[in-house]
Amino acid sequence: MIETASLIVVNLLIAAIIGMVIGYLIGKNSGNTFKPSNNEKHDNKNDTMDVKSKSSVNPIFRKNSNVDNKPLILSSPRPSGKDNLIKIKGIDSKVEKDLNKLGIFHFNQIASWSSKNCDWIEEFLLLPGSAKKHQWVEQAKILETGKETVYSQKVENEEIKV
């Protein structure tokens, strides 16, 4: 009986080794050959555009987005109207539209962001380091009080095209 059990164990080990070798050879030969389906056009230049265009009604609720650090959002601007976010250095008209789609319309929303909120926005809008580099929060704190920054004055006087 011990002989039969030992033969079974040996045969199972041999089968496992053969399976691993065959799996390794098949996996090694397949490599990283991902081919997009015929329905999708794949162009490296448009990768970021494809990601954004596939978002749902409000992109903040995309499944692959970590919402733990999302900033405070609004469903629409306050009755007084939305703030001109392009007065913040680093925010152009395209980024302003993206922020508005997310529900960010006012300087005080940006002024209240934490570091993690900035990280979330940078990752979500595919603008790595932009909010921190251009100090969006600090500029928004100044602008929400009604004061102007040097950059916002240039935008206001149309010295800078945004």
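Under numbering that gives the first Met the number 0, the first residue of the sequence shown carries the number 0, and numbering increases by one thereafter. For each residue, glycine too, the CB sits at the ideal point set by N, CA and C. Because the structure is a prediction, the values reported are computed rather than measured.
Applying the 10 Å Cβ sphere with the 16-neighbour rule, what's the burial state of residue i?
| i | result |
| --- | --- |
| Ser74 | exposed |
| Glu95 | buried |
| Ile109 | buried |
| Leu98 | buried |
| Tyr23 | exposed |
| Val154 | buried |
| Ser151 | buried |
| Ile17 | exposed |
| Leu163 | Outside the shown range of the chain, which is 0 to 161, sits residue 163, and nothing can be said about it. |
| Ile1 | exposed |
| Ile103 | buried |
| Leu6 | exposed |
| Ala130 | buried |
| Leu12 | exposed |
Is residue i helix, strand or coil by DSSP?
| i | result |
| --- | --- |
| Gly128 | coil |
| Val94 | helix |
| Ile144 | For the sequence presented, residue 144 should be read as Thr rather than Ile. It is coil, neither helix nor strand. |
| Asn107 | helix |
| Trp112 | coil |
| Gln134 | coil |
| Glu195 | Any property of residue 195 remains undetermined from this structure, which presents the chain solely from 0 to 161. |
| Gly26 | helix |
| Ile194 | With the chain represented from 0 up to 161, any question about residue 194 goes unanswered, as that position is not in the structure. |
| Lys81 | coil |
So, does the CB of residue i fall closer than 8 Å to a CB anywhere in chain C?
| i | result |
| --- | --- |
| Asp82 | No chain C appears in the structure shown, which is made up of a single protein chain. |
From this set, the options, which residue's C-alpha is nearest residue i's C-alpha?
| i | options | result |
| --- | --- | --- |
| Lys160 | Asp91, Leu101 and Ala130 | Asp91 |
| Trp119 | Pro70, Glu137, Tyr23 and Gln138 | Pro70 |
| Asn68 | Ile25, Gly26 and Lys115 | Lys115 |
| Asp82 | Leu142, Leu126, Leu12 and Ile7 | Leu142 |
| Phe106 | Lys93, Glu147 and Phe123 | Glu147 |
| Gln134 | Trp112, Phe123 and Gly80 | Trp112 |
| Lys140 | Arg77, Leu84 and Asn156 | Leu84 |
| Ile87 | Glu137, Glu157 and Leu11 | Glu137 |
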